[in-house]
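Undergrad: Protein chains in written order, with this note's numbering: chain P, 2 to 380; chain A, 2 to 380; chain S, 19 to 322; chain H, 3 to 548.
All C-beta atoms in this analysis are idealised placements derived from N, C-alpha and C, irrespective of residue type, glycine included.
One structure coming up, written as structure tokens, with questions to follow.
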Amino acid sequence: MTATDAPTKPTPIGPNSAGPDRTSLASRLRSVNVGSVLVEGRALVALVLIIAVFALLSDNYLDPGNLVTITKQVAFNAIIALGMLMVILNGGIDLSVGSTVGLTGAVAGNLFRGIDMPLTQAIMFPKVWVIVVLSVAVGALVGYLNGLLISRLRLAPFIVTLGMLYVGRGLTEVLLDGQNITNELRGQEGLGNTGFFEVFASRPLGLPISAWVMVALAVLASILLVRSPFGRWLYASGSNERAAELSGVPVTQVKTRIYVIAGVCAGIVGVLQIANISSATADLGQFYELNAIAAVVIGGAALSGGRGTVKGTIIGAFVIGFLANGLVIVGVSPFWQQVITGAVIILAVAVDQIQQIAQRRGAAKRAVAEARTAAAGAA
Amino acid sequence: MTATDAPTKPTPIGPNSAGPDRTSLASRLRSVNVGSVLVEGRALVALVLIIAVFALLSDNYLDPGNLVTITKQVAFNAIIALGMLMVILNGGIDLSVGSTVGLTGAVAGNLFRGIDMPLTQAIMFPKVWVIVVLSVAVGALVGYLNGLLISRLRLAPFIVTLGMLYVGRGLTEVLLDGQNITNELRGQEGLGNTGFFEVFASRPLGLPISAWVMVALAVLASILLVRSPFGRWLYASGSNERAAELSGVPVTQVKTRIYVIAGVCAGIVGVLQIANISSATADLGQFYELNAIAAVVIGGAALSGGRGTVKGTIIGAFVIGFLANGLVIVGVSPFWQQVITGAVIILAVAVDQIQQIAQRRGAAKRAVAEARTAAAGAA
Amino acid sequence: GASQETGASAADAEGGGTIAIITVDPSNPYWKAEVDTAEQAAADLGYESYTAAHENDPDEQNTLIETAINDDVDGILLDPAGADESIAAVQKVVDAEIPIVLINAEISETGLASSQIVSNNAQGATVGAEAWAAAMDYKGTYVELFGAPSDNNAQVRSDGYAQVLAQYPDLKKVGTEIANWDRQEGQEKMEALLAKNPDIDGVVAGNDEMALGAVNALKAKGKLDQVKVLGFDGSQDAVNAVRDGDLVATVVQPIVEGTTMAMNQLDSVIRTGETGVSEEKQALDCILVTEENADSVQNFVISE
Amino acid sequence: MTAVAPAPAETTEIGQVVLQAVGIAKTYGVTKALKGVDFDVRAGQVTVLFGENGAGKSTLMKILSGVEQPTAGHLVLRDEQVTLQNTVDAVERGISIIHQETNLCSNLSVRDNIFLGRELHTRTGSVDYGREAEITARLMRQLEEEIAPGTLVADLRMGQQQIVEIARALAADARILIMDEPTSALSASEIEVLFKIIRELTANGVAIVYISHHLEEAISIADHAVVLRDGEMVAHEPVSEIDLPWVVHRMTGRQAEYDFRDEPREFGDVALSVQHVTVADLDTGRVMVDDVSVEVRSGEIVCVYGLMGAGRTELMEALAGRDPIAAGQVLLDGADIAGLTIGERIGRGLGLVPEDRQRDGVVQMLSVGSNLSLAGLRSAIRKGLVSRGAESKRIKHGMAEVRVKASGPGAPITSLSGGNQQKVVIGKLLMTDPKVLLLDEPTRGIDVGAKGEIFALLFKEARKGLGVLYVTSEIGEAMTASHRVVVMSKGRIVREFDPRTATRAEVMAASGESDGPAPVAVEPDAPADPNPTEPTRTDGANGGPR
Ligand SMILES: Nc1ncnc2c1ncn2[C@@H]1O[C@H](COP(=O)(O)OP(=O)(O)OP(=O)(O)O)[C@@H](O)[C@H]1O
Ligand SMILES: Nc1ncnc2c1ncn2[C@@H]1O[C@H](COP(=O)(O)OP(=O)(O)OP(=O)(O)O)[C@@H](O)[C@H]1O
Ligand SMILES: [Mg+2]
Ligand SMILES: [Mg+2]
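So, in structure tokens, the structure goes:
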């Protein structure tokens with residue numbers, strides 16, 4: 002977006018903070034510190050504060066059951082946010098993920114209803130895993146479309162994905178045609194498409210499946226960003242696309258891929274969500290994009306690209322989750338809940354700016370002192 | 002946002018296309034042409050196409066009554082879009098305008114209900130014009146807050162205004178407390194607060210007041226952008242903030258002001274809208290921001306800042322208005338309406354990219370030809 | 019929430035404790051009335067209460083339900099988000115052995131909630147449609163404004179209208195538009211529809227907001243006197259409009275009465291384990307509001 | 003606002019100190035850019051500031067012009083102590099600066115850029131475009147450039163953009179004018195014009211501070227020489243007292259010894275063969291590179307000399323694979339590389355060091371280390387992942403190779419001085435083990451020491467068989483560092499020279515540098531003239547015209 006959301010002085014992140022250079026431990030530590038402090042610090046601060054406040058106000062806030070509830074809630078947002086992080090690292094944005102969630106849900110629902118085979122009049126009922134794969138594939142397809150339009154035609158991500166937001170939501174409603182799909186999701190023995198809920202609404206070790214998926218994807222994402230060349234390319238092209246290109250980075254390809262990733266994440270959530278609410282509804286996933294973006298940015302990413310981490314994003318998602326749950330549990334009126342949520346989003350990102358400004362002040366003072374002595378020495 | 006939405010070569014805008022320089026008529030003409038062709042061209046193309054298509058499909062589409070209807074609906078979006086244009090020219094974005102519309106509406110409504118004076122137990126009923134001024138002032142205040150956070154704390158406009166979106170909507174609901182304010186808007190002779198609808202729902206010369214306001218504001222905006230130093234500062238800081246700052250442009254001040262302008266525009270629409278639907282409702286103005294952004298971008302502005310015109314923005318708003326109305330008139334199924342809208346938004350911005358790419362192809366061919374001849378000449 | 023410790027100790031005979039009121043969207047007058055009534059009743063019955071809104075998002079509903087369970091509330095009053103989508107949520111509450119009563123909308127499963135006090139949308143639509151058809155003199159062209167597709171009630175009401183109006187061949191529907199329960203959208207869709215069919219005779223709307231939007235559009239075109247508009251909900255604005263003759267009719271859902279019933283039954287379940295009423299599903303029949311009885315309706319309360 | 007004839011000097015007579023920097027210190031986080039520098043600016047005279055990359059020249063100038071505030075020390079303007087909060091303060095006090103990196107708004111016209119932030123108003127308070135345009139036109143005439151005031155800055159090439167920067171500074175009608183490497187993208191003739199203007203200004207009592215890495219050029223215009231090293235002032239003399247070796251010695255702190263000339267030897271077979279290549283500007287459809295053919299053998303260093311706008315950058319970028327080639331053919335080791343992506347070309351051993359470091363060279367948000375390893379990342383990949391060990395080993399090696407001055411691989415690239423950033427960019431490509439390296443103005447804005455190191459580096463690689471094709475606008479570099487000079491003009495290769503036998507005059511004439519010899523073009527007939535920025539010469543015989 003503007004330069005303003007990048008710090009006046011970009012600080013090395015991701016690759017550096019991860020890549021140990023044996024040559025200078027000092028500088029390594031430094032870069033790590035700078036990296037984490039600046040990038041995830043504020044998110045952690047916000048998280049701790051929120052938890053502290055609500056834990057004081059309600060004894061049930063931190064009881065295991067509630068933590069599980071929160072985690073499940075966070076998981077959906079976090080999974081979307083991981084995809085969004087990739088997009089934002091590239092300096093892009095994806096407003097269509099919410100609609101994609103709805104669309105994949107609707108697609109899955111319809112597949113459970115079965116597919117009319119044009120030739121043979123028979124109706125074909127795919128297996129559950131086929132349904133899941135196909136639905137997620139639809140998410141990937143939407144992402145691929147976004148990616149092509151943005152990388153090849155060089156259109157603004159904001160506007161492309163805004164258009165796709167409408168298209169996706171519209172198609173969802175076309176597919177559902179005003180009817181939620183619910184019972185079909187159970188499947189029928191005879192049709193061999195049962196077992197959806199058994200898997201996608203299961204709670205291995207007491208944690209909902211969505212939480213496990215989040216963990217798995219987070220690990221994958223970290224490896225992708227920190228260890229794989231793709232990650233390095235992503236950070237590079239997000240910070241200076243032309244320079245990255247001249248260094249041999251396949252910037253167009255990278256761009257296309259990240260939107261596919263975002264689409265896949267949305268698809269996964271779509272499937273998990275219809276299992277969670279045991280129904281495919283027309284407005285499933287609305288506004289998910291906003292929560293995801295909020296999570297990524299609260300997590301320390303710069304919307305101008307090139308800066309952001311998986312850790313931060315996950316923390317950001319938890320900030321939102323703990324806040325929402327806390328507001329309910331202490332019984333804040335629904336109206337005020339929105340007000341507070343908005344305020345916290347702003348505060349969360351304001352925190353480290355304020356802190357940075359303070360820091361600079363301090364630094365300046367120290368420098369003056371040093372200089373004085375230096376000057377004295379010179380004289 | 003990213004570099005991708007800026008064309009490979011920026012095209013002259015505002016100052017250039019308008020500023021007459023006697024020295025070189027040629028380059029002036031050129032810049033004017035390029036300006037209008039590239040910046041507003043695609044919007045015009047889209048508009049003409051849409052009108053043509055629907056006019057063919059329905060006889061009622063172009064009858065005066067319907068044109069007035071469309072104009073009225075466009076006006077609300079266009080007024081918001083004018084404010085949004087300023088913000089986008091600066092490379093920012095304002096997601097909070099929709100909530101601000103709702104908030105100002107709610108404020109106006111409450112003022113019609115009267116203000117309890119804490120000291121004297123009496124209830125004070127302000128005059129209509131006072132109510133209007135105060136309400137718009139609230140819009141300005143919200144904008145000012147956005148501006149301060151973005152310019153002083155250097156926070157990302159997207160995230161600040163996203164937070165403000167929630168805050169504004171929440172406050173709106175708090176103010177209305179689940180009740181629409183309807184009858185009170187009529188005011189009462191005794192209280193001396195009548196005459197609201199007579200003015201703000203009036204139709205001078207058969208055109209709804211909102212249309213006139215749009216025209217007035219559009220003229221104002223053009224003057225501001227094209228004739229005033231502020232306009233030049235805006236275009237400058239939008240494309241290269243550092244350069245502008247070094248040239249002595251008060252970039253921070255400029256930034257703050259544009260968000261105030263956006264807030265004021267939203268405030269005006271808030272007042273006009275409650276007059277239009279004769280009630281202050283809690284969800285008034287939802288999603289206005291998206292339509293406004295779409296209008297600005299369809300109108301040829303670059304979300305990366307520094308490029309965009311008032312003319313283009315107005316045309317962009319009409320594109321959306323004519324489309325929405327047309328889809329209803331030709332009786333497209335409601336579900337598909339969204340799909341088409343989204344597709345058109347994307348197409349509208351894709352048009353001139355495709356065209357450019359075609360051009361480049363042509364350029365390459367010509368070059369080869371020349372080269373051939375050159376080679377022949379050499380041999 | 020705030021007083022759950024009293025709640026924890028109060029899950030016994032003499033009542034008291036905390037009740038979670040989980041509703042749809044209190045920023046809308048209808049649910050606002052529901053919430054206000056519930057909170058008032060809770061207070062009168064000696065309970066603490068807090069209100070949360072799921073805005074018809076089953077996922078959000080799940081979370082709110084789980085949160086309430088985690089918060090050891092003593093009872094839950096739920097306005098469910100979808101008949102099928104809410105079963106799982108209610109099941110959770112039952113498993114947690116917390117009394118739950120459903121208000122306004124039903125779930126497609128019995129034997130879970132202690133009672134379901136359901137506003138009878140289908141019946142409301144029929145009486146509304148009947149009255150409107152009569153006012154139309156059973157002939158003419160009309161358009162329909164449809165609610166949010168994601169909300170089951172939009173379909174239910176639309177079907178209710180269709181059922182009745184199908185009986186009268188001279189009533190011809192010339193257009194349907196989605197206006198998402200919203201007044202401004204209703205108005206803009208109506209304006210467009212008017213351009214398409216300048217001389218329609220009637221409008222049926224899925225709720226009052228859309229109906230009032232249509233009324234605005236018609237007023238602006240000076241057509242309101244030729245066109246008969248039907249609303250649904252009985253919100254105060256609509257009732258006033260009926261009184262002024264802008265609306266032919268609306269149907270009021272006696273949500274206040276229903277919510278009071280619901281809270282009393284919830285209280286009795288909390289104290290005695292019994293609702294005190296025979297059947298679980300209790301239909302709240304909607305009441306037609308026309309010029310005759312408009313004055314007797316105040317904020318969803320019908321004073322005979 | 004009379005840019006043409008500055009207001010006659012008020013009672014400051016020539017040579018009097020008008021602006022004094024006293025004990026200026028500036029610290030950026032850990033780096034001490036300036037350590038208590040005293041610096042005088044004299045009315046009607048040109049004070050030249052010498053110093054290696056990172057010596058602190060720009061920082062000092064930024065402080066004098068209100069861009070940055072000193073962490074210690076103060077400024078004395080005409081005997082009164084002043085603090086410059088921002089550039090506006092400075093301009094109001096008659097101090098204006100031409101920045102090292104051009105700071106223009108590419109979406110605005112030349113006119114708008116020149117008057118940005120100090121608009122001329124009509125009675126109605128609106129901008130007086132007419133008068134602004136007139137003055138702009140006048141400035142352009144004065145600078146002898148055909149640029150219409152309405153032209154978009156985006157349509158100007160680097161050189162022209164620098165002219166606009168200069169015009170803007172002149173328009174401010176300053177009494178003290180700071181020029182931080184104003185000529186880094188100017189052609190010899192354009193430099194001549196600039197010098198003429200400088201002399202006019204000084205004649206009117208304007209004080210000038212001038213920074214350039216073209217030492218001879220700088221000496222030729224200087225009245226006073228001041229040398230910075232590592233943030234401290236190490237020497238200042240009237241120019242009559244000094245010569246080039248003196249400057250080099252003070253700058254580098256040592257009797258720098260670099261052998262600029264690579265010893266003649268047998269080259270390998272043709273590594274890169276460019277055949278009848280034509281490149282068009284796809285936006286304008288204008289032919290930028292017209293039927294160019296040139297060969298580079300492995301181990302050979304070929305220089306493309308020409309004026310700004312000759313189309314060299316287009317040629318280089320087309321070879322690197324950024325711009326499509328409209329016609330012709332490029333062979334790398336005999337294999338046609340048409341259709342290969344930039345990455346694939348780098349993989350095959352062909353990479354470009356771009357002209358615009360900030361825009362195309364460094365990735366600002368990555369560390370020095372990550373920048374270095376970016377292009378050659380493939381070779382650090384083990385099992386699909388980047389091996390940290392392998393990578394940091396290569397980074398360490400690379401940093402040593404190109405001698406980057408940085409606190410460590412983790413340091414932000416933006417904290418390095420221009421020269422060091424350039425070394426990183428070159429190092430980045432050397433780490434891909436290229437067969438042929440393309441360099442576009444590799445020494446632009448780089449100090450003599452670094453230049454020496456960079457060429458020494460190229461020679462070393464060349465001996466190992468690297469083919470080098472580099473673009474330069476500096477005749478000195480063209481004549482000495484290359485084995486072969488091809489001259490480009492208006493998109494075509496007009497002639498080819500052997501630097502040992504050709505004279506500068508011949509080469510420059512071929513490039514179409516019509517008007518008068520550039521300040522660097524001394525001793526036109528000296529065969530195999532030693533490079534003017536060549537430190538080993540100590541006789542100072544060619545200290546440039548005085
Ligand atoms: N914004 C900054 N942040 C951190 N360090 C900086 C900054 N600007 C300059 N420096 C450091 O201050 C020192 C002086 O930089 P400066 O640009 O003044 O050198 P210079 O003499 O102008 O070099 P060059 O000849 O390459 O322009 C360098 O070490 C540089 O790394
Ligand atoms: N951004 C641009 N827009 C339009 N024309 C340009 C642009 N950049 C360069 N040109 C034109 O292309 C030709 C080559 O310019 P360029 O300066 O890149 O060539 P060059 O020989 O590389 O000069 P330089 O010494 O600057 O590299 C010139 O005619 C110039 O006017
Ligand atoms: Mg410098
Ligand atoms: Mg060049």
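Please report the straight-line C-alpha distance between G38(H) and G233(H), rounded to a whole angstrom.
TA: When rounded, the distance between both Cα atoms is 8 angstroms.
Undergrad: Collect the residues with a C-beta less than 6 angstroms away from any heavy atom of ligand 3 and give them in sequence order along the chain.
TA: Answer in sequence order: K59(H), S60(H), Q102(H), D182(H), G420(H).
Undergrad: What are the partner residues of P414(H), as DSSP defines its beta bridges?
TA: Its beta-bridge partners are S369(H).
Undergrad: Measuring only the C-alpha atoms, how far is I81(P) from N292(P)?
TA: C-alpha separation (whole angstroms): 9 angstroms.
Undergrad: Would you say G93(A) lies against chain H (beta-carbon separation less than 9 angstroms)?
TA: For G93(A), the answer is no, since every Cβ of chain H falls outside 9 angstroms of its Cβ.
Undergrad: Would you call the CB atoms of V220(P) and I210(P) closer than 9 angstroms?
TA: Their beta carbons are not under 9 angstroms apart, which means V220(P) does not touch I210(P) by this criterion.
Undergrad: Between which two residues does the beta strand (DSSP E) harbouring C304(S) extend?
TA: No beta strand (DSSP E) contains C304(S), which DSSP labels as neither H nor E.
Undergrad: Quick check on DSSP: helix, strand or coil for C549(H)?
TA: With chain H covering only 3 through 548, there is no way to say anything about residue 549(H).
Undergrad: Taking 9 angstroms as the threshold (beta carbon to beta carbon), is A157(A) in contact with chain P?
TA: Yes, A157(A) lies at the interface with chain P (some Cβ there is under 9 angstroms from its Cβ).
Undergrad: Can you list, in chain order, the residues of the segment 109-122 of chain H whose Cβ is nearer than 7 angstroms to any Cβ on chain A?
TA: Per Cβ criterion, the list reads N109, L110, S111, R113, D114, L118, G119, R120, E121.
Undergrad: Which chain H residues are close to A237(P), counting only those with a beta carbon under 9 angstroms from its beta carbon?
TA: Result: V365, M367, L368, S372, N373, L376.
Undergrad: Do you know offhand how far Q134(S)'s Cα is from G268(P)'s?
TA: Straight-line Cα distance between these residues: approximately 35 angstroms.
Undergrad: For V260(S) and Q244(S), I'd like the C-alpha separation in whole angstroms.
TA: Distance between the alpha carbons of V260(S) and Q244(S) is about 15 angstroms.
Undergrad: Taking a contact to mean a Cβ-Cβ separation below 9 angstroms, would you say E498(H) touches G249(P) in this structure?
TA: Cβ distance not < 9 angstroms, so E498(H) and G249(P) don't count as in contact.
Undergrad: Which residues in chain A have a C-beta closer than 7 angstroms to the C-beta of T89(H)? List them in chain order.
TA: Near T89(H) (Cβ distances below 7 angstroms), the residues of chain A are L247, G249.
Undergrad: I'd like to know if the segment 380-392 of chain H and the segment 318-331 of chain H are in contact, where contact means that at least 3 CB-CB pairs between them fall below 8 angstroms.
TA: The segment 380-392 of chain H is not in contact with the segment 318-331 of chain H.
Undergrad: Is T85(H) close to chain P, meaning its C-beta is less than 9 angstroms from at least one C-beta of that chain?
TA: It does not: the Cβ of T85(H) has no partner Cβ on chain P nearer than 9 angstroms.
Undergrad: What residues match up with R299(H) in a beta bridge as DSSP calls it?
TA: R299(H) pairs with V272(H).
Undergrad: Answer yes if the segment 16-28 of chain H comes into contact with the segment 183-196 of chain H, meaning at least three C-beta pairs across the two stretches below 8 angstroms, and no otherwise.
TA: Flag = no, the segment 183-196 of chain H and the segment 16-28 of chain H do not touch.
Undergrad: Anyone know if the C-beta pair for G110(A) and D95(A) falls short of 9 angstroms?
TA: No.
Undergrad: Taking DSSP as the reference, what is the three-state secondary structure of N91(P)?
TA: Coil.
Undergrad: Under a CB-based cut-off of 9 angstroms, is R308(P) close to chain A?
TA: No, no contact with chain A.
Undergrad: Name the residue from E115(S), Y160(S), Y179(S) whose alpha carbon lies nearest to the alpha carbon of K190(S).
TA: When only C-alpha atoms are compared, the closest one is Y160(S).
Undergrad: Just curious, the alpha helix (DSSP H) that D91(H) is in, first and last residue?
TA: 89-94 is the span of the alpha helix (DSSP H), which, as asked, contains D91(H).
Undergrad: Residue range of the beta strand (DSSP E) that F41(H) falls in?
TA: Residues 33-44.
Undergrad: Quick one: give me the first and last residue of the beta strand (DSSP E) that D182(H) is part of.
TA: Here the beta strand (DSSP E) through D182(H) covers 178-182.
Undergrad: Any Cβ of chain H within less than 9 angstroms of the Cβ of T9(A)?
TA: Note that T9(A) scores 39 on pLDDT, short of 50, meaning its location in the model is unreliable; the coordinates nonetheless yield the value given after this. It does; some Cβ of chain H falls within 9 angstroms.
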